[in-house]
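Below you'll find the structure, written out as structure tokens, and then a few comments.
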Amino acid sequence: MKRGFSVDHVVKEFYNAVWKANYLFKTLDYESMRKVLELFNSYIEKNLILEPEDKYIDRALSIALEAGITLYDSLYIALALDKKTPLLTLDEKQRDIALKLGVKVLP
Numbered sequence: 091m092k093r094g095f096s097v098d099h100v101v102k103e104f105y106n107a108v109w110k111a112n113y114l115f116k117t118l119d120y121e122s123m124r125k126v127l128e129l130f131n132s133y134i135e136k137n138l139i140l141e142p143e144d145k146y147i148d149r150a151l152s153i154a155l156e157a158g159i160t161l162y163d164s165l166y167i168a169l170a171l172d173k174k175t176p177l178l179t180l181d182e183k184q185r186d187i188a189l190k191l192g193v194k195v196l197p
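In this text, residue positions in the sequence shown follow my numbering: the first is 91, and each later residue adds one.
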């Protein structure tokens, strides 16, 4: 199986979502949280190549300012442009901007 790419920011985003589920919403107990993080880290190790976000930050800022989307969303578009790889997203605004910039978008 071919490995995908992501900016390393995805790790912070995922950990923050798990923290919210545990600490704020109380929908995930501590043991379940640890298992989720273990599975996530295993998935990353086997399936993704993490790229440092600072490598894409300047291009992402340009995209964000031009398109009026967040820097976070722009990081993933900048990576897709650099790697000439499709962007996997369910965010409609991010999808539209990526398509305008010539990035193939999935699904």
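Heads up, the beta-carbon is just placed ideally off N, CA and C, and yes, glycines get one too.
Item: May I ask you to list the residues that DSSP assigns as paired with residue 96?; Value: 140
Item: Looking at C-beta atoms only, is the number of pairs between the stretch 156-163 and the stretch 179-191 that lie closer than 8 Å three or more?; Value: yes
Item: Starting from residue 163 and walking both ways along the alpha helix (DSSP H), at which residues does that stretch end?; Value: 161-173
Item: Output the distance between the C-alpha atoms of residue 91 and residue 132, rounded to the nearest integer angstrom.; Value: 15 Å
Item: Excluding sequence positions up to five away, which residues of its chain have a Cβ less than 8 Å from the Cβ of residue 146?; Value: 97, 165, 168, 169, 172
Item: Identify whether residue 127 lies in helix, strand or coil by the three-state DSSP scheme.; Value: helix
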